[in-house]
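Notes for the one structure printed next.
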Amino acid sequence: MAHQAAFEAPGNWYRGNLHTHSTGSDGQRTPAEVVAWYEQSGYSFVALTDHLRYAGAGLSRPGCIAIPGIEVHGIDPQSGMYHIVGLGGDMAPGAKWEPAHSLQADVNALRERGLLVHLAHPYWSGQSARDLAAVEGAHSVEVFNGVCEVGYAKGYSGQTWDNILAAGSRLWGLAVDDAHWHPWRPDSGIAWIMLKAPELTVEAVLEAVQLGRFYAST
Numbered sequence: 062m063a064h065q066a067a068f069e070a071p072g073n074w075y076r077g078n079l080h081t082h083s084t085g086s087d088g089q090r091t092p093a094e095v096v097a098w099y100e101q102s103g104y105s106f107v108a109l110t111d112h113l114r115y116a117g118a119g120l121s122r123p124g125c126i127a128i129p130g131i132e133v134h135g136i137d138p139q140s141g142m143y144h145i146v147g148l149g150g151d152m153a154p155g156a157k158w159e160p161a162h163s164l165q166a167d168v169n170a171l172r173e174r175g176l177l178v179h180l181a182h183p184y185w186s187g188q189s190a191r192d193l194a195a196v197e198g199a200h201s202v203e204v205f206n207g208v209c210e211v212g213y214a215k216g217y218s219g220q221t222w223d224n225i226l227a228a229g230s231r232l233w234g235l236a237v238d239d240a241h242w243h244p245w246r247p248d249s250g251i252a253w254i255m256l257k258a259p260e261l262t263v264e265a266v267l268e269a270v271q272l273g274r275f276y277a278s279t
């Protein structure tokens with residue numbers, strides 16, 4: 062399918078967050094509470110991406126759809142620590158993930174299960190553009206991560222993204238909350254994408270993400 066920029070594509074604009082956590086891993090709100098918060102805050106979609114556990118299926122509300130997902134992390138002998146987020150797919154609800162401890166192997170395994178994969182918070186993870194530009198199969202990289210910014214002042218990965226692009230790897234740039242809901246560190250509603258899609262369904266949102274029909278904001 063030929064690329065069509067978001068402002069040229071038909072459809073409606075929807076606001077959403079593609080990275081957040083719940084009590085399914087290290088978040089402080091239940092999955093249902095997470096979706097309700099984003100709905101009440103004017104979001105149209107939110108992805109549940111708990112660590113090493115597939116979450117989010119069946120939690121959509123009338124005003125906000127829940128996109129199932131997972132965050133996988135590990136230590137790669139070549140590139141060091143990595144975190145990647147998988148969206149969509151049809152894994153069993155609550156399924157646990159055993160990291161391959163290889164960035165490329167985990168990207169491949171998620172894609173084999175039908176998930177879209179993006180690279181999470183490279184500045185916080187200490188990853189270089191050289192490490193990430195060599196990865197095959199990812200569709201985007203987090204250019205801004207809310208919890209990494211408010212917690213560690215390492216939320217903005219713009220230079221890393223720019224260097225990835227300069228190396229010839231074409232990844233879209235995302236802005237996400239990565240909310241964990243700790244009361245001493247507000248980390249929700251900080252960053253999002255505005256996405257253009259013909260309808261508000263999980264399939265339409267993920268297709269628009271894959272095609273780059275969105276822009277990132279804070």
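If you read the sequence shown in the numbering used here, its first letter stands for residue 62, the second for the next number, and so on.
Quick reminder that beta carbons are idealized off the backbone N, C-alpha and C, glycines included.
Handout entry: Any C-beta of chain C under 9 Å from that of Gly273
Key = Considering every chain present, this structure includes no chain C. It has just one protein chain.
Practice task
Could I get the ranges of all uninterrupted alpha helix (DSSP H) runs contained in the stretch 130-200, with 4 residues as the minimum, in chain order?
Solution key: 164-173, 183-186 and 190-194
Handout entry: Every unbroken alpha helix (DSSP H) inside the stretch 89-124 [4 residues or more]
Key = 92-101
Problem - Segment contact, 8 Å Cβ cut-off, at least three pairs: the stretch 117-137 with the stretch 147-160 - result: yes
Practice task
Please work out which residues of its chain come closer than 6 Å, Cβ to Cβ, to Trp242, disregarding the five sequence neighbours upstream and downstream, and give them in chain order.
Solution key: Gly88, Gln89 and Arg90
Exercise for the section: Let me know if Ala93 comes out buried or exposed under the rule of 16 or more other beta-carbons within 10 Å of its beta-carbon. Expected result: exposed
Exercise for the section: Alpha carbon to alpha carbon, how far is Val266 from Val196? Give it in angstroms, no decimals. Expected result: 24 Å
Handout entry: Residues near Ser230 by beta carbon distance below 7 Å, same chain, minus five either side
Key = Ala194
Exercise for the section: Return the bridge partner residues of Arg76 from the DSSP annotation. Expected result: Met255
Handout entry: Beta carbon of Ala108 nearer than 9 Å to that of Gly155
Key = no
Practice task
Return the first residue and the last residue of the beta strand (DSSP E) that Leu235 is part of.
Solution key: Trp233 to Val237
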